[in-house]
Amino acid sequence: MSRRFILLSALLFAFMFLIVPAPALAQVENFNFDDLLASLGPRDGRALIYDVLLYMIFFIAFINQFLIPDKQLPITVLNFIVMGLALTLKLLVEVPTVVNDFTCNFQPANAVFIPNDYAVFFMNIGMFLAPLLMAGGLRSVKGKSSKAVAPSIFLAILTGSYMAAFWFLEQRPCSDVPRYEESGIELFLIVGVFSLHLIRSRLHGLFRR
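In this note's numbering, each residue carries its 1-based index in the sequence shown increased by 364.
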């Protein structure tokens, strides 16, 4: 891992951390650093499940950033997309402690997004698909599988678990939320067809060593 790569990763991480929370900060009057720390902290109720998953996704993606070999910029960008989406979902999406049956009238004062927004739907899909593309697109280094393959596959499992749990508990009861079977299944199939062979070959090389 080159010094240049580490420096670039640190700069991109700092840039992402400054840019992503900006919409959330604009929603709150007299916002200060303590409010930012409170927003990053764990929430109560069912939201704690999502927070734990998002923490795991972010920190595994952060570690994975230093395992990605040099000269694989698309994979690096995808990994930063996962980190950015995890941070965005943590800061900008407000989740009710109690589901209001099927009414979905949850409208918190300081939230940028609510669970049944289309933006949240597509952010969840994007955060799940990016690790799949990473695991399938990582190139071997000197004939050996990249060390980032296994964390990328684990990220795909975590992001898929988050997406499924969020849909089942928050989006499924809402009548106005987009349905995966209506608007997302085609995207899953297209990406799956192109990624399955690559992921299988990476797993074969990983466990053959």
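For each residue, glycine too, the CB sits at the ideal point set by N, CA and C.
Neighbourhood of residue i by C-beta distance below 7 Å, restricted to the same chain and skipping five residues each side
| i | result |
| --- | --- |
| Phe-339 | Here the chain has residues from 365 to 573 only, and residue 339 is not among them. |
| Arg-367 | The pLDDT assigned to Arg-367 is 49, lower than 50, so where the model puts this residue is not dependable, and the model offers no usable value. |
| Glu-534 | Val-459 and Pro-479 |
Which of helix, strand or coil DSSP assigns to residue i
| i | result |
| --- | --- |
| Phe-430 | coil |
| Val-513 | helix |
| Val-484 | helix |
| Val-446 | helix |
| Val-476 | coil |
| Val-505 | strand |
| Val-441 | helix |
Own chain residues within Cβ distance below 6 Å of residue i, not counting five before or after
| i | result |
| --- | --- |
| Leu-431 | Lys-511 and Ala-512 |
| Ile-445 | Ala-494 |
| Pro-406 | Leu-412 and Asp-415 |
Same chain, Cβ closer than 8 Å to residue i, neighbours up to 5 away in sequence not counted
| i | result |
| --- | --- |
| Ala-529 | Ile-413, Tyr-414 and Leu-417 |
| Ile-424 | Pro-515, Phe-518, Leu-519 and Leu-522 |
| Glu-545 | At Glu-545, the pLDDT of 49 sits below 50, so the modelled position is not reliable and the matter cannot be decided from this model. |
Buried or exposed by the 16-neighbour rule on C-beta atoms within 10 Å, applied to residue i
| i | result |
| --- | --- |
| Ile-427 | exposed |
| Phe-477 | buried |
| Val-457 | buried |
Worksheet item: Would you say the stretch 414-422 touches the stretch 516-533, given that touching needs at least three Cβ pairs under 8 Å?
Response: Three or more Cβ pairs closer than 8 Å define a contact, and the stretch 414-422 meets that threshold against the stretch 516-533.
Worksheet item: Between the stretch 487-500 and the stretch 402-413, do at least 3 Cβ pairs fall closer than 8 Å?
Response: Not touching, per the Cβ criterion.
Worksheet item: In chain order, which continuous runs of the alpha helix (DSSP H) of length 4 or greater are located wholly inside the stretch 401-427?
Response: The DSSP assignment places no complete alpha helix (DSSP H) segment of no fewer than 4 residues inside the stretch 401-427.
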